[in-house]
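*Asks:* Once you've had a glance at the structure underneath, I'll fire off some questions.
Below, the structure written as structure tokens:
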């Protein structure tokens, strides 16, 4: 456990002390202040904010300083952050260039320049994951799949959609270790 002196702004402002503790997922940390717990990850590029997110500088017991990024579950897909690898999809030429440049300094971001506006392409999420995993996933590697059941299949209950996708993953020898529902943080 690390005793920390926090410098930052927003929810954790003001130099109050808090305790940064490791989360059950490697690379993810929590800080508790009062009744609130905030999710953190170490900033791989200290001094730079990517999307105007809050950052905390924490001084460890040994005197070293670590900068953390604060994750707001209402603004990000937490599951992707927890897994530590994000396939970021962008179609815009300008934003695509920015994404590729950003990914050069963040090895956990894999840019995909593609049109994400066509939901028909995303009705085969498990198949798309299996195909990509056959090329990119290391042996005993991990994956993250985010399914918006409302978009994925309009006539089925969400639980049925999740169950069907899980079965498809198992057929392709991809074994989900955990399933997390993002409510109430899921957005339409």
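Numbering (the numbering used here), first residue to last: 1158 to 1345.
The beta-carbon is built from N, C-alpha and C at its ideal position, and this holds for glycine as well.
Small disclaimer: the values here were computed from a predicted structure and weren't measured.
Pairs of beta-carbons, one from the stretch 1196 to 1215 and one from the stretch 1174 to 1187, closer than 8 Å: are there three or more?
*Replies:* Touching, per the Cβ criterion.
*Asks:* Pull up the CB-CB distance for residue 1227 and residue 1199, whole angstroms please, since I reckon it's below 8 Å.
*Replies:* Residue 1227 to residue 1199, Cβ: 12 Å. No contact.
*Asks:* When DSSP labels each residue in this structure, what does residue 1213 get in the three-state scheme?
*Replies:* In this structure, residue 1213 counts as strand in the three-state DSSP scheme.
*Asks:* What residue from 1195, 1229, 1262 has the CA that sits closest to residue 1205's CA?
*Replies:* Residue 1262 is the option with its Cα nearest to residue 1205.
*Asks:* Output the distance between the C-alpha atoms of residue 1179 and residue 1218, rounded to the nearest integer angstrom.
*Replies:* Going by the C-alpha atoms only, they are around 15 Å apart.
*Asks:* When burial is assigned at 16 or more other CB atoms within 10 Å of the CB, is residue 1208 buried or exposed?
*Replies:* The residue in question, residue 1208, is exposed, as its Cβ has fewer than 16 Cβ neighbours within 10 Å.
*Asks:* Tell me the DSSP secondary structure of residue 1282 in three-state form.
*Replies:* It is helical.
*Asks:* Can you give the Cα-Cα distance for residue 1333 and residue 1324, rounded to whole angstroms?
*Replies:* Whole-angstrom Cα-Cα distance: 10 Å.
*Asks:* Please determine, among 1221, 1203, 1340, the residue with the shortest C-alpha to C-alpha distance to residue 1306.
*Replies:* For the residues 1221, 1203, 1340, the minimum Cα distance to residue 1306 belongs to 1340.
*Asks:* Residue 1290 to residue 1302, Cα distance in whole Å?
*Replies:* If you take the alpha carbons of residue 1290 and residue 1302, they lie about 11 Å apart.
*Asks:* What does the alpha-carbon distance come out to for the pair residue 1316 and residue 1322?
*Replies:* Those two C-alpha atoms are separated by around 10 Å.
*Asks:* For residue 1197, collect the residues of the same chain with a Cβ closer than 8 Å to its Cβ; drop the 5 residues on either side in sequence, then sort them by chain order.
*Replies:* Result list for residue 1197: 1177, 1185, 1186, 1187, 1188, 1213, 1225, 1226, 1227, 1228, in chain order.
*Asks:* Pick out whichever of 1312, 1293, 1257, 1286 has its Cα sitting closest to the Cα of residue 1326.
*Replies:* The option with the nearest alpha carbon to residue 1326 is 1286.
*Asks:* Given a threshold of 16 other Cβ atoms within 10 Å of its Cβ, counted over all protein chains shown, does residue 1283 qualify as buried or as exposed?
*Replies:* The residue in question, residue 1283, is buried, as its Cβ has 16 or more Cβ neighbours within 10 Å.
*Asks:* Per the DSSP calculation, residue 1224 is bridged to which residue(s)?
*Replies:* 1214.
*Asks:* Mind reading off the beta-carbon distance from residue 1246 to residue 1269? Whole number of angstroms is fine, and I expect it under 8 Å.
*Replies:* Between residue 1269 and residue 1246 the Cβ distance is about 5 Å, and since that is below 8 Å, they are a contact.
*Asks:* Identify which residue in 1330, 1329, 1319 has its Cα closest to the Cα of residue 1336.
*Replies:* Nearest of 1330, 1329, 1319 to residue 1336, Cα basis: 1319.
*Asks:* Which residue comes first and which comes last in the alpha helix (DSSP H) that contains residue 1269?
*Replies:* That residue, residue 1269, is in no alpha helix (DSSP H); its beta strand (DSSP E) goes 1266 to 1270.
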